[in-house]
Amino acid sequence: MVKQVVQERRGHMRAKRVLSIQYRLVKSQRKDADHDWLLSTTQDMSPEGLSFYTDREYVKGDILDIHVVMSGVLDVFKGCGEVVRVERKESGACVLAAVRFMDKGQVQYNTRPSGRSLKRHRSQKRI
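When you line the sequence shown up against our numbering, it's residues 357 to 483, in that order.
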C-alpha cells in the first residue's frame, strides 16, 4: 500500500519566533468586543501570517490591527490580519490565535474610538 502525499495548506514554512506584538480588534460580529490596544508575544511567523498568545476570546473571521516589533524599535510588520484559528491551551489561562495577513484594500474599519492610545504625550521626552 502506498501512502498518499497530503497537500500542505500553507504556502510558506512557519518559523518559531518570539517577538513583541501590539494588537487590537478592528472588526467583529460581536457587539461587546473590546477595541483597545493590547500587548503579547508571537509563537511563530511566516510571510502569510503569525500566531500569538492572548487572554481574549477571538473568533474565526475577526479582523485585528497588528504591529510586530523587534527589540522595541524595528517594525517587522504593520497591518491587519484575519483570525483563522483559535486554540485554548491546556492550562486554560490563554488562547493561541492564528492570524492570516491581509492586504490593506481588504479591510473595512468599523471600530469606535476608544480614547486611549499607546502614543507618548508631547510633554514626555525621549531619553
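Even glycine gets a Cβ: it sits at the ideal position worked out from N, Cα and C.
Check, Outcome
"Rounded separation between residue 382 and residue 389 - CA only", "9 Å"
"Same chain, Cβ closer than 7 Å to residue 483, neighbours up to 5 away in sequence not counted", "Residue confidence for residue 483 is low, a pLDDT of 49 falling below 50, so the modelled location carries little weight and cannot support an answer."
"Euclidean distance between Cα positions of residue 471 and residue 377", "With a pLDDT of 46 at residue 471, under the threshold of 50, the predicted position of this residue should be treated as unreliable, and no value is reported."
"Neighbourhood of residue 372 by C-beta, 6 Å cutoff - its chain only, sequence neighbours within 5 removed", "400"
"Close Cβ partners of residue 454 (< 6 Å) along its chain, the five nearest in sequence each way excluded", "407, 440, 441"
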